[in-house]
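Have a look at the structure below before the remarks.
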Amino acid sequence: DGGITQSPKYLFRKEGQNVTLSCEQNLNHDAMYWYRQDPGQGLRLIYYSQIVNDFQKGDIAEGYSVSREKKESFPLTVTSAQKNPTAFYLCASRGRTNTEAFFGQGTRLTVV
Amino acid sequence: AQSVTQLGSHVSVSEGALVLLRCNYSSSVPPYLFWYVQYPNQGLQLLLKYTTGATLVKGINGFEAEFKKSETSFHLTKPSAHMSDAAEYFCAVSALRDDKIIFGKGTRLHILP
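Chains A and B, in that order, are what the protein sequence lines are.
Residue numbers 14 to 125, in this note's numbering, belong to the letters of the first sequence in order.
Residue numbers 39 to 151, in this note's numbering, belong to the letters of the second sequence in order.
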C-alpha cells in the first residue's frame, strides 16, 4: 500500500546521544516535512524539503539536522544540542498535484 | 507569513449536539486551508480542505467548514456529535502548494454521553 512509514514507533535514548528517526514514503511526493508535537503546542515545523538535496529550516530547527539524498527518504537526526528532545515527531509528504499533506503514524521519542 | 489561531484548547459537547470548532488564519496571499483530526498516538488524517471555489466545504464523517474571507475564518462544524468524534482537531494554512504548512495548536473535542 502507498503511504508514509515512520520507524520506530517508540524510541528511547540516553541524554547526550544523537538519534535518527526514519521517514520513508512511496507516494512519489516531492515535498517532505518534519513536525514536533508537544501537548498544548500543536505541530511545530522543524525542517522541510521540496526537492532532493535541498531543505529549509522551519520554526524550531535548532538541535536538529536532516538530509534528503533520495526522494523517498527524509531522516531526522535529533542531536545532543536539542535541549528538550522528548516529544512526538511526525513526518509528512505532499505531492505536486496535492494541496494537502499526508502524515505518517509518528515516532514517540523519550530521552532519559 | 501565515499563522493560525484555534479558539479553545478543549471543547465539550453532548452526544447529538452541534459541534463548532473555531479557526482564524492570517495569510498575505490567498490561502489553502485544512482541518485534520488526530486520534491518540496516531498521525493526522485530513478531514477537509479549501483551495478555491465553493466556500462551503464538506469533508468526511459529516464534518463541514466554511471559508469566510472577510472574517479570515474557517470554522469546522458537524450537526450532530457522535462519541467517535472525540479526538484532537487541527486547523492548518498554506499559501501555495509548494510551501510549508502551518498548524494551529489544536482543539481537543470531548463528547459527553
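Think of the CB as a built atom: it goes at the ideal place given N, C-alpha and C, for glycine as much as any other residue.
query	result
Compare the C-beta of B:S66 with all C-beta atoms of chain A and state if any pair is closer than 8 Å.	no
How far does the beta strand (DSSP E) with A:F68 in it extend, from its first residue to its last?	D67 to K70
Give a yes or no on whether 8 Å exceeds the smallest Cβ distance from B:I98 to chain A.	no
Ignore the nearest five residues each way along the sequence and tell me which others in A:E28's own chain have a CB closer than 6 Å to its CB.	V124
Quick test of the definition: if touching needs 3 or more C-beta pairs under 8 Å, does the stretch 71-78 of chain A touch the stretch 50-60 of chain A?	yes
Does A:S34 come within less than 8 Å of chain B when only Cβ atoms are used?	Just to set this straight, residue 34 of chain A is Leu in the shown sequence, not Ser. It does not; no Cβ of chain B falls within 8 Å.
Count Cβ pairs between the stretch 41-48 of chain A and the stretch 109-122 of chain B that sit closer than 8 Å; are there 3 or more?	no
Taking only runs of the beta strand (DSSP E) that begin and end inside the stretch 94-119 of chain B, which ones reach a length of at least 3 residues, in chain order?	94-96, 102-106 and 111-116
Are the C-beta of B:Q80 and some C-beta of chain A separated by less than 8 Å?	yes
Using a C-beta to C-beta distance shorter than 7 Å, which residues of chain B count as neighbours of A:F116?	G81 and L82
Kindly identify the DSSP beta-bridge partner or partners of B:N62.	B:T43 and B:S111
Would you mind working out which of B:G46, B:C61 and B:A124 sits nearest B:W73, comparing C-alpha positions?	B:C61
Closer than 8 Å by beta-carbon distance: list the chain A residues that pair up with B:S47, in chain order.	G53
Which stretch, first to last residue, makes up the beta strand (DSSP E) that contains B:E126?	A125 to S132
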